[in-house]
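In order, the protein sequences belong to chains X and E.
Okay, so the first sequence: first residue is 76 according to the numbering used here, each after it adds one.
Okay, so the second sequence: first residue is 21 according to the numbering used here, each after it adds one.
Structure record follows, encoded as structure tokens.
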Amino acid sequence: MILSRFSLNKGLRAFGGFSSSVRNVRAFSDDKDKEQKLNTEGETKDNNIIPKPGKKKFKKAAPVKKEGNIEEAIEDVANLIQQKGGPKKEKVQAELLSKLLGHINATGEQKAPEMNLSDLISGMKVEAEAKKPQSFRGQYVRKTMEGMKKAVESRPRYQNQNRRDMKAHPNTGSVNLFGDKGLNLFQESILKDVPSLCPTWDYLEKRDLKIAVTHPPANYFEEMILWTEQGKLWKFPINNEQDWDSEANVDFSEHVFLDQHLEGWCPTKGPVRHFMELVCVGLSKNPFVTAQEKKDHILWYQNYFEDKKELLEKLIIDVSESKPKQLDC
Amino acid sequence: MSLIRVSTTLNSLRQSSLRLSTVISRWKSTEAAESIEIPNRIHRSPTAILEALASTVGRDPTAPHYKYHDDPYMVPNSNMTKRTYAMAQESGRKAAKWIKENNRELFMHSEAEPPIAAFAPEMVFTEESEVSEQTLKDLIQQCEITDAVFVYNLMKTKGIEIDDALKQSLLELVCFYNNSEPISEEFIEERWFKQGAANRDRLSKSWKDGDLAEQLFNELPKTAQSYSALIRGMCKYYQVERAYALFHESIEKQIELDTKTFNSLLLVSSFIKESGEMRWEFCVDLLRQMKERQLRPDIGTLNAALKTISTIGHHKLCRTGAIKVLSEFKAIGIEPSLGSYCYVLNIFCREKGPTSHVLVDILNEIQGKEFQIQDIRDTSFFVTAMEICRNHLHDKNLAKKLNELLHTGKNYDLIGDSYKESVYYRHYFGLLCRTEELETFMETYNHLVPNIYIPEPGIMEEILKAVEVNGALELIPRLWTDMTVFEHVNRESLVLQVLKIMQENKPMLNLEKHQGLNEQFAKIADNIYHKIADQDPIKVQKLSFSGQMLGDIISLLVRGAENQKAIDVFKFAEDHQHSIPGTPNESVLLELVDACIEEKSPSVAISCLQYSVENNMNGLQLADKIKKGFTLNENHLAKVNHLVNEK
């Protein structure tokens, strides 16, 4: 689907690396005194791994090198070894076969599960590098050494097994998650909402879920949220009566208009009235005591003046006799 | 970015006020009967404005996480330091708390009016404490289970009457926590790093038989409430047989249980029934019983049913079962949560089963949606899905889609914990590294590393492989720097791999980006050499040299024109040749001899030859080179000839 230039190049690179490894194998099979040659071959290998994008040579080369060709190359190499002989003939042959066949397997294996060509090619590259095929290679070589027959036997069995799996579970493609009739159990109409029997349990469950998504704060605002929830910060919008629960239902008028508490006992004029009005003004401006305390304060004066009534009356008369004018003011 | 967003908000506010004023003026001028609808006040929570502000701050990948000190020396560079620094801070918090609790008398003053409970030392209850029902109620509300149980016992000994509703509430608390203290809510950091480990050993029976919960249950009248609480508790802690027995008992007594109690039974049905088919039947049977009682199932029911299905081994049965259940719940308006999808993934994508592309359908369904947590399993969705992208489907586009979903709205909260987060990114990186172009992959790498994710050694290995395959040698110095910082250099496999890549792939000096690489490689090789040679002898897990390794180092040093250093390394190899397994390649020795020729030090070249002969290599080529490269004096010549002829 997305056969981009890059992914194509990558595939070509993979093939490039492969072809060089074939060449390398040839070099390896030569006698050891031709090591100079090996080195130069090694260098060409390096060059091949990183071809310049768009070099025509590789574009041409890649499609030709299909599996058939690879197998030919293997035969070619095998023949070469046959001719050259050498003391460790069998071992070399095994190594070579494992190397080459491993590549074929790596490429062949990738084809089945992949979706599009770009994935296929990139997957191929990785598989060729991954460790996993190594064990597969080892197995394969052992089988080759034991005799091709067994290998041929084991392969179709494996395929058969796969096919059986596929038959048992045909819906490997798109799944319609809600495409079934369902169990025909619940009907919207007859269901009723029953309140939960364990409110504390539900509260704890909710709390647990909340904790599960509370992660270390990622910025200062989140930290402030956390602190607000823990009760360490003022809540927004700022209210300086926050948490004054005892005063929550007390109207401001009860704090400010305190004259009402004078009615009924305080004289309408005179020094006591004067004094009590001053007390009320003072109290109405005090934010640090509750309305009830203010009322209690005033009522304390009521009792006080009640107790001292006789003394006061005497004093006031005395004063009014000596300085009548002052009192009138 | 946030500034821009705030200013755009301000702009839009200004515009709307303009619009309002034009509306008013039009209304005044025409005096038409246009009515203005004043919207109702929206009551916002105390944190609403903070949330709005926080949402304008994105994650800045160039900066370390907010929790770390804003100081270059305190920025964590590896997974180890990330954890250590965060936990250090947390233990500081714990120490402060400990001091507060142990020196209560110092903290009894209250600066604030009304006092702030969070700053005051916790209440300590003793035999003499004044307790009332209200105290117990508050303790239950705060989930202080140990204190609540103590106060309950105290009230009993003092003979204070406790009403049944409160007892029931306590029973629920005790059942929920199995009468043991949960991890404190306060230590977020500890939970963030701990949960991955804590969640693994949960699947065994841990219910405390005959404990307080059952005593409370016996004291209470046998109502639906008490049955529900006890069944839920037993199911949660896998006392399955007794929970099931209680369930039967309640049915016999015709006690009506509620949805959540049924859910908890559904959750453990895999423990009640052995085979897959029996589990499925049991599951359907429970759902039928719910229907008969006209109970409205909820998301918990769906997830519990899916969990049971996911434990069924039979592929076909569990697949059809899952789709049936999903459809059934969709029909009554219950949308699956992320947890449900996580179970669906478990059902469809089995390790040895056939490939399933159900994740594609799921993502199509939920793309762009924002999720709230509804089930504890919701936090496993992203990590499971990413694992499937990597190991099951090998699909990078799907992984990117998933990543996009993770970064939609507040979905990132559902990542789980630090363990799940790092596994998520491990799979994401592993997949991208295999399937992406190296250049595009490196963009992601630069974006996320090191502040959001630090690759584990396994992922680093994959990245190195990709670098080698792509011949992107210019990345090696950078990756080596990263590996040093991430504390990966103690991994022998990684060190070997880096050396091998540098040794086997010669930089192409005609490429501009490969300029100067030889020198840098030599530096890296020197760095590796000193790292291993100067190791602390007390260290337990030490790296050790191999001949191959030393060979690689020598050849890299020679290529980087650090001939003297190369000779030093060779001398080291020579001195320790009995303790170092393997030998450097002959080709490396050839390179070294070339360097000796350049340095005009024939004696080293000859000891090189001697080394190769002693280690059963063919010395002829070396000898040739030495003879050609130097004008040797008689002594040397005799030695060379002697060494070669010996063979």
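Glycine is no exception: its CB is placed at the ideal position from the N, C-alpha and C atoms.
- Exclusion of the five residues before and after Thr328 (chain E) leaves Leu286, Ser289, Ser290, Arg299 and Cys303 as the residues of its chain whose Cβ lies within less than 7 Å of its Cβ.
- Interface annotation, Thr328 (chain E): not in contact with chain X, CB-CB separation never under 8 Å.
- The stretch 199-207 of chain E makes no contact with the stretch 235-244 of chain E, as fewer than three CB pairs between them are under 8 Å.
- Ala287, Val288, Thr289, His290, Pro291, Pro292, Ala293, Asn294, Tyr295, Phe296, Glu297, Glu298, Met299, Ile300 and Leu301: these are the residues of the stretch 287-301 of chain X whose beta carbon lies less than 9 Å from some beta carbon of chain E, given in chain order.
- Boundaries of the alpha helix (DSSP H) harbouring His550 (chain E): Leu537 to Ala553, taken from the DSSP string.
- The beta-carbon separation of Val608 (chain E) and Cys616 (chain E), rounded to 13 Å, does not stay under the 8 Å limit for a contact.
- Scanning X:Pro342, X:Pro292 and X:Ser328 for the CA closest to the CA of Gly78 (chain E) turns up X:Pro292.
- Between Arg282 (chain X) and chain E, the shortest Cβ-Cβ separation is below 8 Å.
- Contact of Gln305 (chain X) with chain E by beta-carbon distance below 7 Å involves Ala138.
- Only residues of its own chain outside the window of five on either side were considered, and among them Leu493, Glu494, Pro527 and Met528 have a CB closer than 8 Å to the CB of His534 (chain E), listed in chain order.
- From the listed residues E:Gln188, E:Ser248 and E:Lys311, the smallest Cα separation to Asp268 (chain X) is found for E:Lys311.
- Leu315 (chain E) has X:Lys267 as its beta-bridge partners, per DSSP.
- Taking a Cβ-Cβ threshold of 8 Å, none of the residues of chain E is close to Asp371 (chain X); the smallest such distance is about 19 Å.
- Trp227 (chain E) counts as buried, since at least 16 other C-beta atoms from the protein chains shown sit within 10 angstroms of its C-beta.
- In terms of CA proximity to Ala486 (chain E), E:Leu458 leads the group E:Met94, E:Leu458, E:Tyr465 and E:Met503.
- Against chain E, a Cβ distance below 8 Å from Glu322 (chain X) picks out nothing, because the smallest value is about 10 Å.
- When C-alpha distances from Gly571 (chain E) are compared across E:Lys551, E:Pro601 and E:Asp556, the shortest belongs to E:Pro601.
- Contact check between the stretch 147-164 of chain E and the stretch 111-118 of chain E: fewer than three CB pairs, one atom from each, fall below 8 Å, which does not count as touching.
- Straight across, the Cα-Cα distance linking Tyr448 (chain E) with Phe461 (chain E) is about 11 Å.
- With contacts defined by Cβ atoms closer than 8 Å, Arg124 (chain E) and Pro141 (chain E) form a contacting pair.
- Rounded to whole angstroms, Ser189 (chain E) and Leu418 (chain E) show a C-alpha spacing of 47 Å.
- In this structure the stretch 412-431 of chain E touches the stretch 374-384 of chain E; the number of beta carbon pairs closer than 8 Å is three or more.
- Nearest neighbour of Pro274 (chain X) by Cα position, chosen from E:Phe237, E:Val171, E:Ser246 and E:Asp91, turns out to be E:Ser246.
- Rounded to the nearest whole angstrom, the CA to CA distance from Ala265 (chain E) to Thr281 (chain E) is 14 Å.
- Closest option to Lys256 (chain X), judged by alpha-carbon separation, among E:Gly639, E:Lys350 and E:Glu634: E:Lys350.
- Neighbours of Val269 (chain X) in chain E, taken as residues whose beta carbon is under 9 Å from its own, are Glu276, Asp278, Thr279, Arg313, Gln314, Leu315 and Arg316 in chain order.
- Secondary structure of Gln309 (chain E) (DSSP, three-state): helix.
- When DSSP states are grouped into helix, strand and coil, Trp500 (chain E) belongs to the helix group.
- Within the stretch 192-215 of chain E, contact with chain X at the beta-carbon level (separation under 9 Å) is assigned to Glu192, Leu193, Cys195, Phe196, Tyr197, Pro202, Ile203, Glu205, Glu206, Ile208, Glu209, Arg211, Trp212 and Gln215.
- Within chain X, no residue has its beta carbon less than 8 Å from that of Asp229 (chain E); the closest one is some 20 Å off.
- By the beta-carbon neighbour count (other beta carbons within 10 angstroms, threshold 16), Ser65 (chain E) is exposed.
- Boundaries of the alpha helix (DSSP H) harbouring Gly341 (chain E): His335 to Ala351, taken from the DSSP string.
- For Phe332 (chain X), the number of other beta carbons within 10 angstroms of its own is below 16, and it is reported as exposed.
- In this structure, the straight-line span from the alpha carbon of Glu371 (chain E) to that of Thr504 (chain E) is close to 35 Å.
- Chain-order list of chain X residues neighbouring Ala405 (chain E): empty, with the shortest C-beta distance near 14 Å, by a criterion of under 8 Å.
- Under the Cβ distance rule, Glu263 (chain X) counts among the residues neighbouring chain E, one pair being separated by less than 8 Å.
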